[in-house]
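K.L.:
Under this note's numbering, the first residue of the sequence shown carries the number 112, and numbering increases by one thereafter. The C-beta atom is built at its ideal place from N, Cα and C for all residues, glycine as well. These numbers come from a predicted model, not from an experiment.
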Amino acid sequence: MTIKALPSHLINQIAAGEVVERPASVLKELMENAIDAGASRIQIEADEGGIARLQIHDNGCGIQRAELALAVTRHATSKIASLDDLESVATLGFRGEALPSIAAVAEMNLASRCAEDEHGWLLALRPGETLPDPRPQPMPCGTQITVSRLFHRVPARKRFLRGAKTELGHLDATARRLALGAPEVDVRFVHQGRMLWHARAAEDDAALEQRIASLLGEEFVDQALHLGYEGQGLRLSGWVARPAFSRSRGDLQHVFINGRYIRDRLIIGALKAAYADVLHYSRHPAYLLYLEMDPRELDVNVHPTKQEVRFREGRRIFDFLRRSVQQAVAGPAPAAFASPPQNAAEPQSGAVVDPAGPDAPERPEPASPPAPASGAVRLQSGSAQMLYGSAAPRQLLIAEDAVAPTPPLGFALAQIHGVYILSQTETGAVLVDMHAAHERIVLEELKRRLQGQTAVSQPLLLPSTVNLQEDEADRAEEALPMLERLGLDLRRVGPQQLEIRAAPALLDGFDHAALVRDLVSDLGEADVLDLHRLEFTLDRVLGNMACKSGSVKAGRALDRMEMNALLRQIERTPRSAQCCHGRPTWVELSMDALDKLFLRGR
Ligand code: ADP
Ligand code: MG
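(1) Between residue 201 and the rest of its own chain, which residues show a CB-CB distance below 8 Å, the 5 nearest in sequence each way excluded?
(2) Who are the near neighbours of residue 282 in its chain, counting only those whose CB is closer than 7 Å to its CB and skipping five residues on each side?
(3) Can the beta-carbon of residue 625 be found closer than 9 Å to that of residue 607?
(4) Given this structure, state the Cα-to-Cα distance separating residue 540 from residue 708, to the nearest angstrom.
(5) Pull up the CB-CB distance for residue 212 and residue 123, whole angstroms please, since I reckon it's below 8 Å.
(6) What is the residue span of the alpha helix (DSSP H) that residue 718 lies within?
(7) Taking contact to mean at least 3 C-beta pairs separated by less than 8 Å, is the stretch 142-156 in contact with the stretch 113-133?
(8) Just how far apart, CA to CA, sit residue 256 and residue 349?
(9) Spell out a yes or no on whether the stretch 263-278 and the stretch 170-185 are touching, meaning 3 or more CB-CB pairs, one atom from each, closer than 8 Å.
(10) Does at least one heavy atom of the ligand GTP sit under 8 Å from the Cβ of residue 140?
(11) In angstroms with no decimal places, state the Cα-to-Cα distance between residue 375 and residue 402.
(12) Per DSSP, which residues does residue 303 bridge with? Please list them.
(13) If you run the structure through DSSP and keep just helix, strand and coil, what is residue 230?
(14) DSSP three-state label for residue 574, please.
(15) Ignore the nearest five residues each way along the sequence and tell me which others in residue 121's own chain have a CB closer than 7 Å to its CB.
(16) Is residue 694 helix, strand or coil by DSSP?
(17) Between the Cα of residue 239 and the Cα atoms of 216, 248, 260, which residue gives the shortest distance?
(18) Are the beta-carbon atoms belonging to residue 367 and residue 253 less than 9 Å from one another?
(19) For residue 578, count the other beta carbons within 10 Å of its own beta carbon; 16 or more makes it buried, fewer makes it exposed. Which is it?
(20) Roughly how many whole angstroms lie between the Cα atoms of residue 312 and residue 150?
(21) Report all residues for which the CB-ligand distance to some heavy atom of the ligand MG is below 5 Å; order them along the chain.
(22) Return yes when at least one heavy atom of the ligand ADP lies under 8 Å from the C-beta of residue 206, else no.
(23) Check the DSSP bridge columns for residue 629 and list the partner residues they point to.
(24) Below 8 Å on the Cβ atoms is my contact criterion, and I expect residue 439 with residue 351 to pass it. Report the Cβ-Cβ distance as a whole number of Å.
(25) Among 580, 372, 532, which one has its Cα closest to the Cα of residue 284?
(26) Would you be able to state if there are at least three C-beta pairs under 8 Å between the stretch 690-702 and the stretch 540-551?
(27) Please report the distance separating the alpha-carbon of residue 706 from that of residue 537.
(28) Using a Cβ-based criterion (distance less than 8 Å to any ligand heavy atom), does residue 132 qualify as near the ligand ADP?
(29) Identify, in the order they occur along the chain, each residue of the same chain with its Cβ nearer than 6 Å to the Cβ of residue 249, setting aside the five sequence neighbours on each side.
(30) Any idea which residues DSSP pairs residue 608 with across the strands?
(31) Going by Cα to Cα distance, which pick from 295, 615, 306 is closest to residue 316?
(32) Is residue 373 helix, strand or coil by DSSP?
(33) Could you round the C-beta distance between residue 533 and residue 520 to whole angstroms and report it? I think they count as a contact, below 8 Å.
(34) Can residue 327 and residue 287 be called in contact, C-beta distance under 9 Å?
(35) What residue from 203, 595, 113 has the CA that sits closest to residue 141's CA?
(36) Taking the beta carbon of residue 696 as the centre, do at least 16 other beta carbons fall within 10 Å, making it buried, or is it exposed?
Put into structure tokens, the structure is as follows:
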């Protein structure tokens, strides 16, 4: 066996294996280069899903003639020069690998013109051939790169490409994502000569929302809450969808850190945790978030496509994201209803510095729902803003000697089919899903007790035994201190047995063994048993407990007093606008909406 250095063409082909998987990966690299070059306009043109041809044209700074050859040389970059630079990368690229890798597996025409040049220069590269001299090329300032016949000479890779339609789908998603990451850049997307979309540069908030609506859909923008938090050297802004707009796939989850799209486990985990108590765990939240931080706190040089990162202080980022998003998703309703100070969602002091106050949505709710076109009334789910505007609810707290005003959720009039409560409010009517609302109340109560470490635990007259797999029992044992805080007193009494000696008083009459089995099997899914995971699991299991336990079951008749008591409890409970699984607990029908329903002019 002899050891030989590989020829550079082969090295580039190997590198291309990591960087270039399909037309969409070529698009990503070229678009990132255009953004790094300061382009304000990018035009993407593709034929046959980008397999036959993919062209990216930008109006950025261009590449000088003398540097064209370097640009397509491996490990040549204008973006970093030292280890210091590497530790604080501010550009999207820095590895100097993309252009040579692409040129190793496709035909590439690289044409570029700098502002000071009279014309551009073209470098026509063919895989495996030597580097030609640049030829003069008339063109506007900027760079135009055309990549044709991807993998034509690498049949083993070409076989992995899908049909043009599928590849077009990937191209489209990639272009939209990059356009979301660079809102100041005008992006056009053309396929087979037809412009599929055009995202205009956004200069103000309204334009930005329009751009996001055109890239992610109107519905997302309609259903999303705008948030902005700052503190501890971190800045988070963006949109998080209301729980009711959850998805069956995690496809509407976009997070940009310092402008770079990141799909990272820690981030996804933090956001999942933020939604844990308003969303069923099988559903995926939708969000578009921009996180800004000191680039030195972040290592982007973990993976060739740079979508995974390493944080110097992962725990801090996790907490910041989880708390901020949790707060935003909890929405304005509980705060306006004067939620108790021990509100579990309260961010740590200093974590949130939102000029409008952490509870105020930056994007005010419309004063009334848009007029229905066909007589249908659009129900707006629980938002105190809808009911009272922003200032009014505070008055509820100080009205001691004045005439008591109508409480936000009004007074119960009737129960409908044992499922809903109809209540009259100051501005209209409210319908409450009794079961869903009570579920939330029980969950919040359980969490409050857990948080305050005051879970009242009740010794069981007859300790019950739970049979588990040995590894499950091991895990449960690890988690004992945590479970104790929940009011569950467990002992390991055999390799496969746990004994329940005490359980939360709140769950009197509940099947404790089933609860423990649930909890333990949930813990089993985690590959690391850390605090986040436990908190997350508890939220989820508590949600199920609340759902199955003493919650008011639909169908039970309540008298007027009981109904009013339930309404008052909802008002006091944080996050009470959604049940544990993200469904709304109450909806408002304003007089305006009712009038519109009956075509009554007022
Ligand atoms: P990297 O982006 O990691 O630096 P690339 O191989 O993607 O590596 O690009 C190599 C170099 O070519 C870049 O550092 C940059 O100087 C130059 N370059 C590439 N694309 C463009 C462009 N669209 N406009 C201006 N310069 C570019
Ligand atoms: Mg690059």
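P.N.:
For this structure:
(1) 369, 406
(2) 134, 135, 138, 157, 160, 161
(3) no
(4) 13 Å
(5) 6 Å
(6) This structure leaves residue 718 out entirely; the chain is present only between 112 and 713.
(7) no
(8) 32 Å
(9) no
(10) Of the ligands one can find in the structure shown, namely the ligand ADP and the ligand MG, none is the ligand GTP.
(11) 13 Å
(12) DSSP lists no partner for residue 303.
(13) coil
(14) strand
(15) none
(16) coil
(17) 216
(18) no
(19) exposed
(20) 11 Å
(21) 144, 204, 209
(22) yes
(23) DSSP, once it has assigned bridges, lists no residue as partnering residue 629.
(24) 5 Å
(25) 372
(26) yes
(27) 15 Å
(28) no
(29) 230
(30) 578, 605
(31) 295
(32) coil
(33) Wrong, their Cβ atoms sit about 11 Å apart, outside the cutoff.
(34) yes
(35) 203
(36) buried
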